[in-house]
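These notes concern the structure reproduced below.
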Amino acid sequence: KHNKIHTSEKPFSCNVCGKSFKRSNKLNEHSKIHTGEKPYSCNVCDKSFRQSENLKIHYRIHSGEKPYSCSVCGKSFIQVGNLKIHSRIHTGEKPYVCKICGKSFNQSGDLKTHNNKHTGKYPYSCNICGKSFNRSNDLKTHNIIHTGEKPYS
């Protein structure tokens, strides 16, 4: 059983999408994607998760624990993945490259947002005047003209 970990054999397959796994418990975890089941609930805010590990990470929001620190600037993070993304600020690494214009980004979400410029897709629309924006923050900034709010004064 343990030796399967060291091979490429994945004998456990999802009967919904066909994705394969080395371990049955990973298939069971994956199956929750299709059922929508989220059995692990936060007792502080009632947010629910498919995997117990994600609940453990979520609890750090409430505890303030940030166990992953940048060795360059000392900034701390809840998740190791966020530290990896942050470290690209210091290294200059931008692994996500636009296939159309060649512009590169350090986060995949930034590339997705950028691609909207090429497709003409502006998914964030003002419900007052109908103007559309590429990024949600741009819409929030725009909404100030309707509310008269002056957050910087």
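Its first residue numbered 1, the sequence shown is counted upward by one per residue in UniProt numbering.
All residues carry an ideal CB built from backbone N, CA and C; glycine is no exception.
Predicted, not measured: the structure shown is a model, and the values here were computed from it.
Could you give the distance in angstroms between the alpha-carbon of residue i and the alpha-carbon of residue j?
{"i": "Q79", "j": "K140", "result": "27 Å"}
{"i": "D46", "j": "S24", "result": "28 Å"}
{"i": "H118", "j": "N43", "result": "44 Å"}
{"i": "K150", "j": "H142", "result": "12 Å"}
{"i": "Y122", "j": "N115", "result": "10 Å"}
{"i": "K94", "j": "K112", "result": "14 Å"}
{"i": "S31", "j": "C98", "result": "33 Å"}
{"i": "I144", "j": "D138", "result": "10 Å"}
Rounded to whole angstroms, how far is the Cβ of residue i from the Cβ of residue j, which I believe are closer than 8 Å?
{"i": "E29", "j": "Q51", "result": "6 Å"}
{"i": "V72", "j": "H58", "result": "About 27 Å; that fails the 8 Å criterion."}
{"i": "residue 156", "j": "S132", "result": "Outside the displayed range of the chain (1 to 153) lies residue 156, so it cannot be described from this structure."}
What does DSSP give as the partner residues of residue i in its beta bridges?
{"i": "S132", "result": "S125"}
{"i": "S104", "result": "V97"}
{"i": "S20", "result": "S13"}
Enumerated in chain order, which unbroken segments of the alpha helix (DSSP H) with a length of 4 residues or greater are wholly contained in the UniProt domain "C2H2-type" (68-95)? Listed in chain order, the alpha helix (DSSP H) elements of length 4 or more contained wholly in the UniProt domain "C2H2-type" (68-95) are 80-91.
At what residue ranges does the UniProt domain "C2H2-type" (40-67) contain a whole run of the alpha helix (DSSP H), taking only runs of 4 or more? 52-63, all fully within the UniProt domain "C2H2-type" (40-67).
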